Amino acid sequence: MEKTIGNKTVNVSEDGYLIDLNEWDKDVATAIAQEEGITLADDHWKVIEYLQNQHKNDVPLTIRSVGKSGVVDIKGFYALFPEGPLKKASRISGIPKPVSCI
Amino acid sequence: MTKNIVILGAGTAGTMMSNHLRRALDKDWKITIIDQRTEHHYQPGYLFVPFGVYGPEDIVKPIEKFIPDGVNLKLGAIDKIYPEKDKVVMVSGEEFDYDILIVATGTDIAPEETEGMMGPHWQKDVFDFYTLEGSSALAKKFRDWEGGKLVINIVEMPIKCPVAPLEFAFLANAFFEQKGMRDKVDIVFATPMSGAFTKPKATEKLDYLLNEKNIEIVPDFNVMAVDGEAKTIMDYGGKEVSYDVLVTVPTNKGSDLMERSRIGDELNYIPTDRATLQTKVKENIFAIGDATNIPASKAGSVAHFEGEVLLENVLNYIQGKDLKEGFDGHANCFIETGHGKALLIDFNYTHEPVSGTFPFPGVGPLNLLKESRMNHMGKMAFKWIYWNMLITGRHLPFVTTKMQEAGKNFD
Ligand SMILES: Cc1cc2nc3c(=O)[nH]c(=O)nc-3n(C[C@H](O)[C@H](O)[C@H](O)COP(=O)(O)OP(=O)(O)OC[C@H]3O[C@@H](n4cnc5c(N)ncnc54)[C@H](O)[C@@H]3O)c2cc1C
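Chains as they are written, first to last, in the working numbering: chain F, 1 to 102; chain Y, 1001 to 1411.
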């Protein structure tokens, strides 16, 4: 379905995740973050860039693997994106909702 | 000239493959299977031990009993795989050269991964039920427990048999009801997932059952540490849950042999093609069961379906043919819900579990995603099937390797 985020219309899934990463830009990210109650700062952007790169390389993401990435540790990840860090960070990064493993 | 197939691990998948391969290959192929244990455990039985339904005699049999004649069983711990030399080295220093290697070393709990999990409280008020020691210690605890707060917690995904913790919660509910003390026990299910299970339709149904059975669910809970003295678990977001008895499913990890050989991922699972079961390490190394990183459930039924595909692909590889992309992620799991009832789910990579009938479309006799006594009988029959058919590599009657779509209510 279509949704207006900030001042842009983008395609999102039922849960509000972007369908096409090409429609993502920093304004979209900032607006989604606002919905989540998060104000993006440098540390957030580093994590976003990391998640997007992993996604582009088809690497499945887990909280553990993000925690071992060297970009942020698990505690820091929670501090940046409270409660469901991987879910929130993925939505802000414009990548699909993480599938928690079977 | 003789050629060598070496199988690492003589659990569910390795034992099954040794049987499949010995039947399929002529005597030019020498088959060796290596394991560090002398006992084969029926792991699905661990679930029933805390409630006094099964004892060790239901669960433990000698490993060699299920290895066929003509297969060389070697007992001992494996130290490393050297893919570039086509060689496996044991901790004892003994070496095995192979033409084809099959990795079936499974996965095990790693409680030491969580801060504070191990300590004087371990198996006193913090228990696992993924080992015979853990589930036996819990049986003892429950025998004269006077009640309090029972917290069941999954530390992180993936875990083997992802429905087992839920089954544990359901069985605990029924157990304390039967003892006439359910009003003295609070049951809490704390999980890193957003609901009871990983797939939406099944989660809806299971969340409903948890509710109905008065089991409180704490979702999105990622354990950071256990405080054994204060009897609380803390999550990374700062939430805390207190317990009197904690039943944990610790982080699951593959064998550290992967780490030593530098071929595993961060949880020691071996990168494997999800359709052919050839590893991404080298073309003559295959993997099966819980040891792989494929996005399928880690379950005995999955190992069974993989086995038929892997057998075909090992034969294809030997004959220089293309491998078949034959594995669809098929899993088939009974979920015990207590008081002699169970649910059945059947799913694969692309189809989530839905309601319907199984294995005969429109007929059953088993019901998918619905509690019934027949499903419970299926679960109990699984023990016999496991020992007599599954690990000896027999085709299970009426159940197909690829998931059937007929008889299922997809939207
Ligand atoms: C509580 C519980 C309930 C379950 N319920 C069900 C169920 O209802 N239905 C279902 O289908 N599945 C169930 N399962 C899952 C099922 O038991 C496993 O998925 C299955 O046993 C996996 O088989 P495997 O061969 O991959 O691993 P395993 O059977 O665990 O075998 C691995 C073997 O490798 C050996 N090994 C590992 N590393 C080394 C080394 N370095 N050197 C030498 N040997 C080594 C081990 O000793 C072991 O014997 C359950 C599991 C648990 C714990």
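Using N, Cα and C, we set each Cβ at its ideal position, and we do this for glycine too. Note that the structure is a prediction, hence the values are computed from the model and not measured.
Q) Quick one: is the Cβ of S1018/Y within less than 6 Å of any heavy atom of ligand 1? A) no
Q. For G6/F, which residues from the same chain have a beta carbon less than 8 Å from its beta carbon, with the 5 sequence-adjacent residues on both sides left out?
A. D27, V28, T30 and A31
Q) Looking at the structure shown, is T1248/Y part of a helix, part of a strand, or coil, going by DSSP? A) strand
Q. Any beta-carbon of chain F closer than 7 Å to the one on Y1236/Y?
A. yes
Q) Since N1222/Y meets chain F, which of its residues come closer than 7 Å, beta carbon to beta carbon? A) I63
Q.
Under 7 Å, Cβ to Cβ, is there at least one residue of chain Y near P82/F?
A. yes
Q | Extent of the continuous alpha helix (DSSP H) to which I1059/Y belongs | A | P1056 to I1059
Q: Use the C-beta contact count for G84/F: other C-beta atoms within 10 angstroms, 16 or more gives buried, fewer gives exposed.
A: buried
Q. Sorted by chain position, which residues of the same chain lie with C-beta nearer than 8 Å to D1432/Y's C-beta, five sequence neighbours on each side aside?
A. Outside the displayed span of chain Y (1001 to 1411) sits residue 1432/Y, for which this structure offers no information.
**Q.** W1029/Y: first and last residue of the uninterrupted beta strand (DSSP E) it sits in
**A.** W1029 to D1035
Q) Beta-carbon separation of F1129/Y and Y1046/Y under 7 Å? A) yes
Q: May I ask whether a heavy atom of ligand 1 can be found less than 6 Å away from the beta carbon of K1061/Y?
A: no
(Q) Are the CB atoms of V1126/Y and H1251/Y within a distance shorter than 7 Å? (A) Looking at the sequence itself, residue 1251/Y is Thr, so the reference to His does not match. Not closer than 7 Å, so no.
Q. Should Y17/F be flagged as near chain Y, meaning a C-beta pair shorter than 7 Å?
A. no
Q) Checking contacts by CB at 7 Å: is T1292/Y closer than that to chain F? A) no
(Q) Report the start-end ranges of each alpha helix (DSSP H) in the region 69 to 100 of chain F that is 4 residues or longer and not cut off at the edges. (A) 74 to 80 and 85 to 93
Q) Helix, strand or coil for Q107/F per DSSP? A) With chain F represented from 1 up to 102, any question about residue 107/F goes unanswered, as that position is not in the structure.
Q. Is there at least one Cβ from chain Y nearer than 7 Å to K75/F's Cβ?
A. yes
**Q.** Per-residue DSSP class, three states only, for M1001/Y
**A.** coil
Q | Nearest neighbour of A1010/Y, chosen from Y1349/Y, R1023/Y, L1075/Y and L1025/Y [CA to CA] | A | L1075/Y
(Q) Let me see if you follow: with CB-CB separation under 7 Å, is E1064/Y close to chain F or not? (A) no
Q: Counting only runs of 3+ residues fully inside the region 1052 to 1105 of chain Y, write out the beta strand (DSSP E) ranges in chain order.
A: 1060 to 1062, 1071 to 1075, 1078 to 1082, 1087 to 1090, 1095 to 1097 and 1100 to 1103
Q) Can you pull the DSSP bridge partners for M1234/Y? A) A1225/Y and E1240/Y
Q.
Just list the residues that DSSP pairs E14/F with in beta bridges.
A. Paired residues: none, contrary to the question.
Q) Looking at the structure shown, is S1372/Y part of a helix, part of a strand, or coil, going by DSSP? A) strand
Q) Are V1196/Y and L1150/Y closer than 7 Å when you measure CB to CB? A) Note that residue 1196/Y is Ala in the sequence shown, not Val. No, the Cβ-Cβ distance between A1196/Y and L1150/Y is not below 7 Å.
Q. Going by DSSP, which residues form a beta bridge with L1008/Y?
A. I1034/Y and V1103/Y
Q: May I ask which residues mark the beginning and end of the beta strand (DSSP E) holding T1131/Y?
A: Unbroken run through T1131/Y: none, as it is neither H nor E.
Q: For E1325/Y, return the contacting residues in chain A, with the cut-off set at a CB-CB distance below 9 Å.
A: Given the protein chain composition of this structure (F and Y), no chain A is represented.
**Q.** Closer than 9 Å at the beta carbon, the chain F residues around E1156/Y
**A.** T62, I63 and R64
**Q.** Neighbouring residues, chain F, relative to E1266/Y (Cβ below 8 Å)
**A.** R64, S65 and K68
(Q) Helix, strand or coil for I102/F? Go by DSSP, reduced to three states. (A) Caution is warranted here: a pLDDT of 47 is assigned to I102/F, below 50, making its placement in the model unreliable, and the coordinate value is therefore given only provisionally. In the structure shown, I102/F sits in coil (DSSP, three-state: anything other than H, G, I, E or B).
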